[in-house]
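Notes for the one structure printed next.
There are 2 protein chains.
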Amino acid sequence: MSTAKAEPDALKAAARPAPGAAAGSQTLLRGLDILDAVAAGATDLAALSAALGTTRSTTHRLAAALVERRYLTFVPREGYGLGPKLLELGFRAQAAMAVPQVARPHLERLSATCEDTIHLGILDGEWALYLDKIPGRRRVEISSRVGERQPVWSTGLGKALILDLDEARWRDFYQVGQARGARHARDLDTWLARMRDYASRGVAFDHEENEPEVRCVAAPIRKAGGAIVAGLSVSSTAQYMDEARMERLVGEVVATARAISRALGWSGGG
Amino acid sequence: MSTAKAEPDALKAAARPAPGAAAGSQTLLRGLDILDAVAAGATDLAALSAALGTTRSTTHRLAAALVERRYLTFVPREGYGLGPKLLELGFRAQAAMAVPQVARPHLERLSATCEDTIHLGILDGEWALYLDKIPGRRRVEISSRVGERQPVWSTGLGKALILDLDEARWRDFYQVGQARGARHARDLDTWLARMRDYASRGVAFDHEENEPEVRCVAAPIRKAGGAIVAGLSVSSTAQYMDEARMERLVGEVVATARAISRALGWSGGG
DNA sequence: TGTCAAATCCCATATTTTGGGATTTAGTTT
DNA sequence: AAACTAAATCCCAAAATATGGGATTTGACA
């Protein structure tokens, strides 16, 4: 039941087939697919049915269950939308992680002095996962979302998160990135050389490696004992982020990361 | 398949049987129940099985699907936790609503001058739904969560949301509240008299009607045209909120609500 | 009042889920 | 170091559940 319908392409993501996925929960998975479809912009039953490849009947039953549980909202003329239950669980999920709580005020302080987008994130397997974000106040905004994942090897935040690992691990992250089809691949040796430099300075940069025109300065956050538990980055478009400014930001970014680390119980820091 | 198991009672909420619920999606609903159970503190398969009343097998399959879709996290020694996908969808749900976006900076400004908990909410059927919250900085904190619902008739925020309705509607909200077993019921006439007073002043109070010891001052937020689209409240415990302070807060709260209304395009406001 | 599109409901069929129990994985004890 | 324990994970026949075609209702609009 291919879904290559007319879909405005706004409903891009939502890869249904599932990789080596766990089968045996079709109904549950379809329900979750509905959440994805709604998040991607589907608003009526027809769009949902098309996205799932199921009949109106089935789609309606699933959607109705989600509405009843407040995972979706439904307004007769308007259609479906993400529901308050997701708000609740989302904020709970964030609250369950200690780092964002502690970091928030520090991020806000940093945000007050720079006009750019600030991200807080952790390492999630082979990805960098955003846990919090303070939008910048420039005319152009970095389009990222809390809960989203970005490649480790190409983002400043990602590189900050793996600063302490050895070169073998660095290679792994680089290769995973290449395998997933890196957009602006650089050769491994250059990348490793930069990583060594970043590691020795305790900061990481992103010179438009992940996204053209987007640059950032990032630093690792450490918990008691010194292990890296999170990272912090300041991002902006190239026009606001020339080399000189990136260097000027380093002090602030590192200082903020250190302050958060201290709040988490890390007393080190030559 | 009755669920009257041993449940440690820590997993209180999660009323399974579902009221006049939509049947025909057992698997999906059970999956959602798992999310609730994890949110309520269950961390291992045994706890989840107990909460759902299903066997380890079934529970495991559902949980595995949720983990695969990142709605849950699973760490061998630690157990299950709410996953990053919920973060993503939660923040998206919030972003989909325009009001929180516009209101945030104003709420933060208000928060800077008062030490108390600030809530932003909208009317959701017969409930007041919290869309955003800035925690207070007092020793005791108001335990509320974004995404949660509270009765309209007994909360300051709720009353602010229905300030423009006529008396017949007010009665409806009051009666729904009574039907649901109000805790500190007041007689209808007194309540209506107060509502009239609130409506004429453009503020609403909560004198420990919803929760003993919790008081608040609330004001409605209006969109272009003047219709109430949201509300704003400042809450604290009685010890920090005597009558005098509540009166003193009115100006600030109303001013903030007005500022947000103006940002939403409302130009009215005698 | 009539028309049309979308949502909602119904029910026999067959596909999907279920759960008992076997197996594997890790951490702890002897 | 090997046996023990607890929890997670996997397997498969039986049975309950979800499915979707089509009928019906709802409500906006003419």
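Residue numbers (UniProt numbering), protein chains in the order written: chain A, 1 to 270; chain B, 1 to 270. C-beta atoms are modelled at their ideal positions from N, C-alpha and C, and glycine is treated no differently.
- In the DSSP assignment, Leu-107/B falls within the alpha helix (DSSP H) that extends over 98-113.
- Not a single CB atom of chain B sits nearer than 8 Å to the CB of Lys-223/A.
- Judged by DSSP secondary structure, Ser-235/B falls within the beta strand (DSSP E) whose first and last residues are 228-237.
- Residues of chain B whose Cβ lies closer than 7 Å to the Cβ of Tyr-80/A do not exist, since the nearest Cβ in that chain is about 11 Å away.
- The beta strand (DSSP E) runs of length 3 or more contained entirely in the segment 157-196 of chain B do not exist; there are none.
- Look at Lys-133/A here: in three-state DSSP terms it is strand.
- Cβ proximity to chain B below 9 Å picks out Ala-65, Leu-66, Val-67, Glu-68, Arg-69, Arg-70, Tyr-71, Thr-73, Gly-81, Leu-82, Gly-83, Pro-84, Lys-85, Leu-86, Leu-87, Glu-88, Leu-89 and Gly-90 from the segment 65-90 of chain A.
- Per DSSP, Ile-118/A lies in no alpha helix (DSSP H) segment; the continuous beta strand (DSSP E) that holds it begins and ends at 117-124.
- What Glu-148/B touches in chain A, judged by beta-carbon distance under 7 Å, is Glu-88, going in chain order.
- Taking all protein chains shown into account, Arg-69/B has 16 or more neighbouring C-beta atoms within 10 Å of its C-beta and is therefore buried.
- Boundaries of the alpha helix (DSSP H) harbouring Ala-46/A: 45-52, taken from the DSSP string.
- The three-state secondary structure of Ile-221/A, taken from DSSP, is strand.
- For Asp-44/A, the nearest beta carbon of chain B is not closer than 8 Å to its own beta carbon.
- At a C-beta separation below 9 Å, Leu-129/A has these neighbours in chain B: Pro-84 and Leu-87.
- Per the Cβ contact rule, the segment 118-130 of chain A is in contact with the segment 148-157 of chain A (3 or more Cβ pairs under 8 Å).
- Per DSSP, reduced to three states, the secondary structure at Arg-149/B is strand.
- Chain A places no beta carbon closer than 8 Å to that of Thr-59/B, leaving this residue out of the contacts.
- Straight-line spacing of the CA atoms in Leu-52/B and Gln-239/B works out to 41 Å.
- The C-beta separation of Ala-65/A from Gly-31/A comes to about 7 Å, placing the pair in contact by the 8 Å criterion.
- The continuous beta strand (DSSP E) containing Ala-204/A extends over residues 204-207.
- The residue among Cys-216/B, Leu-264/B, Ala-227/B and Gly-251/B with its C-alpha nearest the C-alpha of Asp-116/B is Cys-216/B.
- Burial is judged here by how many other beta carbons sit within 10 angstroms of a residue's own beta carbon; Arg-180/B has fewer than 16 and is exposed.
- When DSSP states are grouped into helix, strand and coil, Thr-73/A belongs to the strand group.
- Boundaries for Gly-79/B: no alpha helix (DSSP H) harbours it, while the beta strand (DSSP E) harbouring it runs 79-82, taken from the DSSP string.
- Arg-215/B has His-207/B and Ser-236/B as its beta-bridge partners, per DSSP.
- Counting only Cβ-Cβ distances below 7 Å, Thr-27/B has contacts in chain A at Ser-25, Thr-27 and Leu-28, in chain order.
- One alpha carbon belongs to Gly-79/B, the other to Phe-91/A, and they sit about 20 Å apart.
- One thing to note: His-106/B has its Cβ no nearer than 8 Å to the Cβ of Ser-235/B.
- Counted as a single uninterrupted DSSP element, the alpha helix (DSSP H) harbouring Leu-66/B occupies residues 56-68.
- The residue among Val-102/B, Gln-94/B and Ala-23/B with its C-alpha nearest the C-alpha of Trp-266/B is Val-102/B.
- In this structure, the straight-line span from the alpha carbon of Leu-249/B to that of Ala-219/B is close to 11 Å.
- Between Arg-169/A and Ile-162/A, the gap from beta carbon to beta carbon is short of 8 Å.
- In the three-state scheme derived from DSSP, where H, G and I count as helix and E and B as strand, Ala-128/A is classed as strand.
- Taking the CA atoms as reference points, Ala-37/B sits about 29 Å from Arg-139/B.
- Neighbourhood of Asp-124/A in chain B, by CB distance below 8 Å: Pro-84, in chain order.
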